[in-house]
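With our numbering, letter number 17 in the sequence shown gets 17, and the count goes up by one each step, no holes.
For glycine and all other residues, C-beta sits at the position ideal for the given N, C-alpha and C.
Right, one structure below, let's go through it.
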Amino acid sequence: EIGNNSFIGCNANLVSPVKVGDNTYIAAGSTITNDVKEGELAVARAKQRNIEGWVDKKGLTNK
């Protein structure tokens with residue numbers, strides 16, 4: 001259920017069942033798994049984490 005006057009940013013995912021209230025904003029790139037109440041901004045993006053040496057450890061290089 002998506003309320004009136006709600007903005008859903010690009011590449012956002014809504015995982016059912018969630019309810020999005022009236023006058024809400026969902027940030028681009030967010031994956032929403034909980035209800036968003038009226039007047040709220042929902043941001044659900046994980047912080048980027050770079051794992052040093054991962055490619056070599058997995059043997060994925062073409063050396």
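Taking just the CA atoms, how far does residue j sit from residue i?
{"i": "D35", "j": "Q48", "result": "24 Å"}
{"i": "S16", "j": "T33", "result": "7 Å"}
{"i": "E1", "j": "G9", "result": "16 Å"}
{"i": "K57", "j": "K19", "result": "42 Å"}
{"i": "G53", "j": "N11", "result": "29 Å"}
{"i": "S6", "j": "K37", "result": "11 Å"}
{"i": "G59", "j": "G3", "result": "48 Å"}
Is the CB-CB distance between residue i and residue j below 9 Å?
{"i": "G21", "j": "R45", "result": "no"}
{"i": "N23", "j": "G39", "result": "yes"}
{"i": "I51", "j": "L41", "result": "no"}
*Jot down the residue ranges of each uninterrupted beta strand (DSSP E) in the stretch 2-44, minimum 3 residues, whole runs only, in chain order.*
Within the stretch 2-44, no complete beta strand (DSSP E) run reaches 3 residues.
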